[in-house]
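Worksheet: the structure to be examined is printed underneath.
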Amino acid sequence: MNITLERITLEKKPVLRQMLELYRYDFSEFDGSDLSKEGRYGYTYLDAYWEEEGRYPFFIKAGEHYAGFILVRKNQGIYHMSEFFILKKYRKQGLGKAAAFTVFNQFPGDWDIAQIPQNKPAQAFWTSIIHDYTNGNFTDQFSDKDNVRFQTFTSVPQQIRMKEATQ
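Now the structure itself:
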């Protein structure tokens with residue numbers, strides 16, 4: 001499977017908006033979100049990805065098909081995985097790992113990736129991915145203040161092709 005990251009242009013913002021609805025629907029299992037009166041979950045920071053510096057939106061593509069998205073934010077010199085979503089059809093195939101490795105390589109430096117306590121699948125995913133990417137050189141902590149589990153590490157570009165990461 002040919003996996004690529006595609007920077008999301010302003011013209012493709014409606015596609016991301018629709019995918020964010022799917023993401024927020026999946027996430028409602030963990031955060032208890034409800035639909036608005038208009039029947040949407042919405043996403044507060046969508047416009048910021050084209051209006052503010054330090055925000056980077058990407059589609060994850062499997063061949064020519066949308067398979068998910070990644071929203072990265074840089075704040076005070078640290079990269080944050082704001083949102084990461086793989087469509088159910090593409091899960092458990094190594095696509096998420098390949099996409100994460102690619103974005104880590106694209107943005108070398110310090111990273112912080114957080115998950116809410118209720119989202120055990122995300123915690124397992126990120127600790128495994130970050131362990132593999134860093135060869136175990138990362139911290140895994142819980143913040144009582146923010147009520148999140150988070151991992152911190154420094155990405156150093158690796159010579160890895162996305163195809164290899166999916167095997």
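No gaps in the numbering here: position 86 of the sequence shown is 86 in the working numbering, and each next residue is one more.
For each residue, glycine too, the CB sits at the ideal point set by N, CA and C.
Legend entry - Chain-order list of residues whose beta-carbon lies under 8 Å from that of Y133 (same chain, five-residue window excluded): The residues are A100, F101, F104, F153, S155 and Q158.
Legend entry - F142 vs Q151 beta-carbon contact at 7 Å: Taking 7 Å as the Cβ cut-off, F142 and Q151 do not qualify as a contacting pair.
Legend entry - Cβ pair R7, F58 closer than 7 Å: Annotated as proximal: R7 and F58, with beta-carbon spacing under 7 Å.
Legend entry - Exposed unless 16 or more other CB atoms sit within 10 angstroms - verdict on Y23: Answer is buried; the Cβ neighbour count reaches 16.
Inset, instruction - Assign R40 to buried or exposed, taking buried as 16 or more other Cβ atoms, counted over all protein chains shown, within 10 Å of its Cβ. - result: Exposed: under 16 other Cβ atoms inside 10 Å.
Legend entry - Closest residue to Y79 among G94, I86, H65 and Y56 (Cα-Cα distance): Its Cα nearest to that of Y79, the residue Y56 stands out among G94, I86, H65 and Y56.
Legend entry - When Y49, Q115, Y45 and K97 are compared against D146, the one with the closest alpha-carbon: Nearest C-alpha to D146: Q115.
Legend entry - Top-ranked residue by Cα proximity to I3, from W50, K61 and N119: Nearest option by C-alpha distance: K61.
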